[in-house]
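Okay, so here's the structure we're looking at.
There are 2 protein chains.
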Amino acid sequence: MLQERQLVEKIARALSSRKRGTSRLRLGIGDDAAVISPTGRFEWVLSCDTFLEDVHFRMKTHPPDSVGYKALARASSDLAAMGATPRYALLTLALPAARTGSWLDAFLRGMARASQELGIHVIGGDTTKSRTVFVSITVLGEIAPGRALTRSGARSGDIIYVSGTLGRAQLGLELVLRGHVRDRQLRALVQPHLYPKIRLKLGSWLARHHIATSAMDLSDGLSTDLARLCTASQVGAKIYASKIPSAVIPAPAVRILGKHIPDPLQLALHAGEDYELLFTISPRQAKKLNRAPGAAALTPIGEITRTRQLLLVDTNGRTIPLKPQGWDPFR
Amino acid sequence: MLQERQLVEKIARALSSRKRGTSRLRLGIGDDAAVISPTGRFEWVLSCDTFLEDVHFRMKTHPPDSVGYKALARASSDLAAMGATPRYALLTLALPAARTGSWLDAFLRGMARASQELGIHVIGGDTTKSRTVFVSITVLGEIAPGRALTRSGARSGDIIYVSGTLGRAQLGLELVLRGHVRDRQLRALVQPHLYPKIRLKLGSWLARHHIATSAMDLSDGLSTDLARLCTASQVGAKIYASKIPSAVIPAPAVRILGKHIPDPLQLALHAGEDYELLFTISPRQAKKLNRAPGAAALTPIGEITRTRQLLLVDTNGRTIPLKPQGWDPFR
């Protein structure tokens, strides 16, 4: 059985990096706390995110490296939503003693890969024992003063954009829960659930060019997250079903899901964990989006309105209220 | 049943403060992330700490306000150990829906009190549902560049000091586990376990005056924490049983504990959660400690040695090896 000291050493070995983001690190894993030296030229953006066994992943169906990868990626998505560049992370890890062997090794491999891809450096944390695995990650990112993208700046008339295709993560989850994790044919379909890609470049570009009036990441589903953005901005929104980029469900998935095939529009409206960006811009700025990173993957889906309602124009052209039906852990 | 949004609003209301530490806060609870504006005149000290139901506290025996108080105090103790001044905290809170009512209210009252006393401002976090209560706190403190106290600077010949009296938290725990939480006669005895006081002023003073060669907080027990300090500093230590400030067990506690009365020296050596400071100083500097905050509560208990062993001179004057027997969640 590992002692706590050995566990911390294992984590430090797996996640240590001499490459990026370490220039201002004075003290990393191993002391009472980490020390970093800010420059004063940037603001710090801070967020935490929790990733729990039996709530966000299952021991039986989820590969441990995806748990490590996704825990760090999810947390970093909040930095992307603010337009910040990820720098440092602190890892809180509570787990049963039985998981400190090969499960932890794979978990750390996944996290190390995410850390490399996201350019974020794990500089400290805390470990303890628990009955189920509990991960909490604090991330710190940097942004030029005053440039952070918030949820609260959307104005009536602004165009609402989303990045990517919505509903892919939930579709991946349905396949993972049915045990199709290592099925090569389905690889591209389960990836968005297991190893989500984070829109760091887009967020950073929007913040740098002062183009978005508001932004957030889509973690709990469009209907729920758009409602939050509108509440924060004290506005309403009208979106068009025909414009929402929803996932095509390919034949192999159709065969597996059978009569449980979800409706792509419902997935796109209410399913969570896509980690795409939702943002608003003034119509005058819309043309500039052609120069954004991944511009081809940006879709205008509607507009911000003065009346504080959420409306959906459905595929028959009827305007109906859009209720938040995304993920809420307490519902 | 609360929705997540209402839960976040409840937390924000309970913990918001317009008093201290907010001058450099650009954006607090409610968006994707918090934003702070560093000055460049200070380094940031960062740490996280986990506080778990059934590992660190029990629903049946521990008052919820003490859970909230202690979670923030424990985390801040790592800042005290570095000599840093607490500024900001992020709260990760996973809990069953049934705990989001009066239990959470009391938890937040306790945390708000700790936040006031410690001068630390909760600026963000994450909430989700779980089967048992899980708290993880990230704290950020400030310190003048290069002044952070680490575990790694102890040198042969240095004097080893501890603050306060050791073993009081464990004695309090024994009484709490037997249900004596609200017993007025025992109030002073259970306080160190339920509402630990953190040595912020002492830590900050030691760092500011460049007096300590190494420091850490006593969270897992003297024998275990001293071993960690010695490992980090690549030295050994010899401490004297007769000098260790151990708790006197008063008559009311003796009556309750009966034949389970712990040995005060064993408590002082191996019991955790006292959150006192353990530090080393060169003999030439020892006199200066008279001017330290709470100087009367500082006790020299031994010295750092070249040979990398931990030795205890027992009350009979025999020198014996001191094995780390403090708290290790994985043992």
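Protein chains in written order, with numbering that gives the first Met the number 0: chain E, 0 to 330; chain Y, 0 to 330.
Yeah, the Cβ is synthetic: ideal placement off N, Cα and C, and Gly gets one too.
As the structure is a computational prediction, the values presented were derived from the model and not from experiment.
Residue i beta carbon near the ligand GTP (any heavy atom closer than 6 Å)
i                      : result
residue 216 of chain Y : This structure does not include the ligand GTP; it has no bound ligands of any sort.
Run of the alpha helix (DSSP H) containing residue i, from where it starts to where it stops
i                      : result
residue 202 of chain Y : 199-207
residue 101 of chain E : 101-117
residue 186 of chain E : 186-193
Residue i: first and last residue of the uninterrupted beta strand (DSSP E) it sits in
i                      : result
residue 25 of chain Y  : 24-26
residue 138 of chain E : 133-142
residue 86 of chain E  : 84-94
residue 331 of chain E : The question about residue 331 of chain E has no answer here: the residues shown for chain E are numbered 0 through 330.
residue 280 of chain Y : 275-280
residue 237 of chain E : 235-239
residue 158 of chain Y : 158-162
Which of helix, strand or coil DSSP assigns to residue i
i                      : result
residue 210 of chain Y : coil
residue 331 of chain E : As displayed, chain E neither begins before 0 nor continues past 330, which places residue 331 of chain E out of reach and without an answer.
residue 19 of chain Y  : Below a pLDDT of 50, predicted positions are generally treated as unreliable, and residue 19 of chain Y, at 49, falls in that range; no measurement from the model is reported.
residue 177 of chain Y : coil
residue 77 of chain E  : helix
residue 260 of chain Y : coil
residue 300 of chain Y : strand
residue 224 of chain Y : helix
residue 172 of chain E : helix
residue 67 of chain E  : helix
residue 33 of chain E  : strand
residue 13 of chain E  : helix
residue 1 of chain Y   : coil
residue 253 of chain E : helix
residue 232 of chain Y : helix
residue 148 of chain E : coil
residue 291 of chain Y : coil
residue 7 of chain Y   : helix
Option nearest residue i by Cα separation, candidates the options
i                      : options                    : result
residue 45 of chain Y  : E:209, E:34, E:251         : E:34
residue 312 of chain E : E:95, E:206, E:275, E:264  : E:264
residue 164 of chain Y : Y:273, Y:47, Y:257, Y:305  : Y:273
residue 270 of chain Y : Y:94, Y:200, Y:166, Y:319  : Y:166
residue 61 of chain E  : E:322, E:109, E:289, E:41  : E:109
residue 246 of chain Y : Y:268, Y:227, Y:226        : Y:268
residue 10 of chain E  : E:23, E:24, E:22, E:28     : E:28
residue 173 of chain Y : Y:210, Y:99, Y:257         : Y:257
residue 30 of chain Y  : Y:123, Y:320, Y:169        : Y:123
residue 106 of chain E : E:146, E:78, E:77, E:58    : E:58
residue 316 of chain Y : Y:242, Y:329, Y:294        : Y:242
residue 320 of chain E : E:329, E:307, E:326, E:211 : E:307
residue 66 of chain Y  : Y:102, Y:79, Y:37          : Y:102
residue 221 of chain E : E:176, E:12, E:230, E:161  : E:161
residue 229 of chain E : E:159, E:329, E:327, E:63  : E:159
residue 117 of chain Y : Y:301, Y:6, Y:195          : Y:195
residue 297 of chain E : E:304, E:303, E:289        : E:289
residue 208 of chain E : E:6, E:255, E:147          : E:147
residue 169 of chain Y : Y:37, Y:302, Y:262         : Y:262
residue 183 of chain E : E:144, E:224, E:252        : E:252
residue 99 of chain E  : E:76, E:2, E:304, E:239    : E:2
Residues bridged to residue i [DSSP beta-bridge criterion]
i                      : result
residue 360 of chain E : Because residue 360 of chain E is not part of the residues shown, which for chain E are 0 to 330, the question remains open.
residue 248 of chain E : Answer is none; residue 248 of chain E lacks a bridge partner.
residue 318 of chain Y : Y:312
residue 215 of chain E : E:277
residue 329 of chain E : Answer is none; residue 329 of chain E lacks a bridge partner.
residue 52 of chain E  : E:56
residue 165 of chain Y : Y:245
With contact counted as at least three CB pairs below 8 Å, one residue from each stretch, are the segment 136-143 of chain E and the segment 82-94 of chain E in contact?
yes
contact_flag[the segment 124-133 of chain E, the segment 35-54 of chain Y] where n(CB pairs < 8 Å) is 3 or more
yes
Under 8 Å: do the segment 149-163 of chain Y and the segment 217-234 of chain Y share three or more Cβ pairs, one atom per stretch?
yes
Check whether the segment 70-77 of chain Y touches the segment 105-119 of chain Y, counting contact only when three or more Cβ pairs, one atom from each stretch, lie closer than 8 Å.
yes
Report yes or no: do the segment 181-188 of chain E and the segment 200-213 of chain E share at least 3 C-beta pairs separated by less than 8 Å?
no
Going along the segment 100-119 of chain E in order, which residues come within less than 7 Å of chain B, judged by CB to CB distance?
Reference to chain B is not applicable here, since the protein chains of this structure are E and Y.
Flag this pair as touching only if the segment 276-288 of chain Y and the segment 209-217 of chain Y have three or more C-beta atom pairs under 8 Å; answer yes or no.
yes
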